[in-house]
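Chains A and B supply the protein sequences, listed in that same order. Under my numbering, the first residue of the first sequence is numbered 7, with each subsequent residue one higher. Under my numbering, the first residue of the second sequence is numbered 3, with each subsequent residue one higher. Backbone N, C-alpha and C define an ideal beta-carbon position, used for all residues, glycine too.
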Amino acid sequence: NAGVTQTPKFRVLKTGQSMTLLCAQDMNHEYMYWYRQDPGMGLRLIHYSVGEGTTAKGEVPDGYNVSRLKKQNFLLGLESAAPSQTSVYFCASSYPRAGGTEAFFGQGTRLTVV
Amino acid sequence: AQTVTQSQPEMSVQEAETVTLSCTYDTSESDYYLFWYKQPPSRQMILVIRQEAYKQQNATENRFSVNFQKAAKSFSLKISDSQLGDAAMYFCAYRSGNAGGTSYGKLTFGQGTILTVHP
């Protein structure tokens with residue numbers, strides 16, 4: 007059981023380039039999330055999805071787009087990368103059963119924009 | 003919008019002693035869930051403990067317990083008998099539980115507290 011898998015693990019982009027981060031979960035979870043982690047700022051929510059075909063903005067959505075065409079996948083896109091988007095990105099998923107099931111996280115993607 | 007605040011950027015504790023990490027949150031919702039996550043240097047996020055807002059009893063998981071003060075919107079984590087393996091970044095998190103609300107399912111984290119354990 008793989009859980010939550012993020013690809014790629016590392017990436018270096020030049021300013022202005024585009025890329026897509028893929029998150030895949032095999033737990034049949036309804037909810038999926040994308041976060042960025044920067045020193046001293048914790049995990050900030052970029053976008054999230056509460057089901058296939060739905061997405062919602064988080065705290066820091068500017069410069070990012072997402073899609074949830076399939077329940078098991080949640081894609082994060084950077085259309086024109088900027089140095090300010092250098093960060094560690096985490097994907098997470100959860101199933102909101104009664105009792106508040108916790109979120110399961112991927113291993114993170116370290117992105118550097120030069 | 004819900005916010006989560008961890009006012010202690012860093013904490014330290016001697017091995018075998020007790021330490022408490024603070025977390026406060028702001029919400030107008032009545033139905034929500036609170037979590038503490040641990041992030042060791044490996045970057046993997048690990049659930050430590052969870053608390054449902056409708057439960058008055060404080061959650062406990064072995065050496066980890068919480069002090070949940072709903073009226074004060076406070077959710078602190080107590081680590082007893084601290085071990086070297088407890089050294090990590092700790093995050094407090096809030097998830098909305100109001101079905102149909104605009105923030106339903108949104109999971110918000112605090113800034114984190116780095117815990118150092120001295121032998």
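Give the DSSP-derived three-state secondary structure of residue i in the structure shown.
i: residue 36 of chain B; result: strand
i: residue 75 of chain A; result: coil
i: residue 48 of chain A; result: strand
i: residue 30 of chain A; result: strand
i: residue 23 of chain A; result: coil
i: residue 106 of chain B; result: coil
i: residue 12 of chain B; result: strand
i: residue 141 of chain A; result: This structure leaves residue 141 of chain A out entirely; chain A is present only between 7 and 120.
i: residue 18 of chain A; result: strand
i: residue 115 of chain B; result: strand
i: residue 12 of chain A; result: strand
i: residue 21 of chain B; result: strand
i: residue 120 of chain A; result: coil
i: residue 35 of chain A; result: coil
i: residue 4 of chain B; result: coil
Relative to the C-alpha of residue i, which candidate in the options has its C-alpha closest?
i: residue 112 of chain B; options: A:92, A:45, A:10 and A:74; result: A:45
i: residue 16 of chain A; options: A:95, A:22, A:71 and A:10; result: A:95
i: residue 119 of chain B; options: B:26, B:78, B:97 and B:19; result: B:19
i: residue 19 of chain A; options: A:83, A:73 and A:33; result: A:83
i: residue 33 of chain B; options: B:53, B:81 and B:16; result: B:53
Residue i versus chain B: which residues are under 9 Å apart at the beta carbon?
i: residue 46 of chain A; result: 11, 113 and 114
i: residue 114 of chain A; result: 45, 46 and 47
i: residue 51 of chain A; result: 108, 109, 110 and 111
i: residue 80 of chain A; result: Residues of chain B passing the Cβ test: none, with the nearest at roughly 13 Å.
Using a cut-off of 7 Å between C-beta atoms, extract the partners of residue i located in chain B.
i: residue 108 of chain A; result: 37, 49 and 52
i: residue 56 of chain A; result: 106 and 107
Report the CB separation of residue i from residue j in whole angstroms; it is logged as a contact under 8 Å.
i: residue 100 of chain A; j: residue 80 of chain A; result: In fact, because the Cβ distance is near 12 Å, the residues do not count as touching under 8 Å.
i: residue 55 of chain B; j: residue 75 of chain B; result: In fact, because the Cβ distance is near 10 Å, the residues do not count as touching under 8 Å.
i: residue 100 of chain B; j: residue 92 of chain B; result: With a Cβ gap of about 26 Å, residue 100 of chain B and residue 92 of chain B do not count as contacting.
i: residue 21 of chain A; j: residue 98 of chain A; result: Rounded, the Cβ-Cβ distance is 28 Å, inconsistent with contact.
List the residues of chain B whose Cβ lies closer than 8 Å to the Cβ of residue i, in chain order.
i: residue 39 of chain A; result: 109
So with CB distances below 9 Å, who are the chain A contacts of residue i?
i: residue 93 of chain B; result: 48 and 49
Original post:
Unbroken beta strand (DSSP E) runs of length 3 or more, entirely within the region 77-116 of chain A: which are they?
Top reply: Segments of the beta strand (DSSP E) lying fully in the region 77-116 of chain A: 79-84 and 93-100.
**OP:** Quick one: which unbroken beta strand (DSSP E) runs of 3-plus residues sit fully inside the region 23-98 of chain B? Chain order, please.
**Re:** Annotation: the region 23-98 of chain B contains the following complete segments of the beta strand (DSSP E) (minimum length 3 residues), in chain order: 26-28, 34-41, 48-54, 66-71, 76-81 and 90-98.
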